[in-house]
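A quick write-up on the structure given underneath.
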Amino acid sequence: MIFNNCSCTRDDPENMLSHLSCGISKSSKRPTFTIELEFRQPVVKFKVNMRVMLPRPKSVGDDFPLFNLTDIDGCNLLSNKNQITMIKLGRENMDRFSNIPKRCPWPKDVRYYVRGYRTDMQTLPAFSFEADMHLWFEFVVNHNKIIKGFIQSRVQRRRGSKKSSDI
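Each step along the sequence shown adds one to the number in full-length UniProt numbering, with nothing skipped, and position 44 is 44.
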């Protein structure tokens with residue numbers, strides 16, 4: 001998976017966030033993404049909205065929704081062992097690159113991060129396709145979407161060497 005864009009914005013009317021940053025590494029070989037956030041007060045409850053779409057050309061039709069999760073209890077999502085397989089695999093992979101808690105509350109004044117994230121495709125079920133993927137996410141506290149983010153990536157098969165493709 002190749003990451004092309006990672007951006008986020010804050011809309012924080014209660015001034016809960018003391019830090020938020022998102023971005024892509026400068027590596028041209030295998031870009032990774034980083035997200036960092038810190039809260040001024042403990043986060044006891046939150047909701048998550050997450051949508052993953054496979055964009056299609058306008059001539060083909062609407063983008064294909066891989067999944068669309070709305071108003072998911074964030075505390076349950078972090079600790080639940082019976083998650084949607086795709087979410088569970090993503091979380092297990094993310095744990096190597098982050099300090100995101102697995103339960104609530106999230107203490108204040110701790111810099112939470114996902115740094116240098118790259119997908120370990122070996123942990124995913126076998127598949128063979130190439131496609132762009134767009135992920136939108138929102139972090140909702142007290143009915144306010146305090147963080148809105150977007151990650152643009154591409155699932156791409158590894159190209160074999162010329163010798164193996166000639167066989």
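In this text, a Cβ means the ideal position worked out from N, Cα and C, and glycines have one as well.
Length of the line joining the Cα atoms of residue i and residue j
| i | j | result |
| --- | --- | --- |
| I147 | T9 | 6 Å |
| H19 | K108 | 11 Å |
| Q152 | W136 | 9 Å |
| K163 | D71 | Bear in mind that a pLDDT of 43 at K163, under 50, signals an unreliable position, so the model cannot answer this. |
| R154 | K58 | 18 Å |
| M16 | E38 | 9 Å |
| F67 | P105 | 27 Å |
| K88 | D95 | 11 Å |
| D166 | D132 | Residue placement at D166 is poorly supported in this model, since its pLDDT is 39, which falls under 50; the coordinates are not used for a value here. |
Whole-Å CB distance - residue i paired with residue j, under 8 Å assumed
| i | j | result |
| --- | --- | --- |
| V52 | F139 | That belief does not hold up - the Cβ atoms of V52 and F139 are roughly 16 Å apart, past 8 Å. |
| F3 | F33 | 5 Å |
| N144 | D11 | 7 Å |
Extent of the continuous beta strand (DSSP E) run through residue i
| i | result |
| --- | --- |
| R103 | No beta strand (DSSP E) contains R103, which DSSP labels as neither H nor E. |
| D132 | A131 to V141 |
| T119 | Taken as a continuous stretch (DSSP letters only), T119 belongs to no beta strand (DSSP E), as it is neither H nor E. |
| V155 | N144 to V155 |
Quick check on the DSSP output: what are the complete alpha helix (DSSP H) runs of length 4 or more inside the region 46-99, in order along the chain? 74-79 and 85-94
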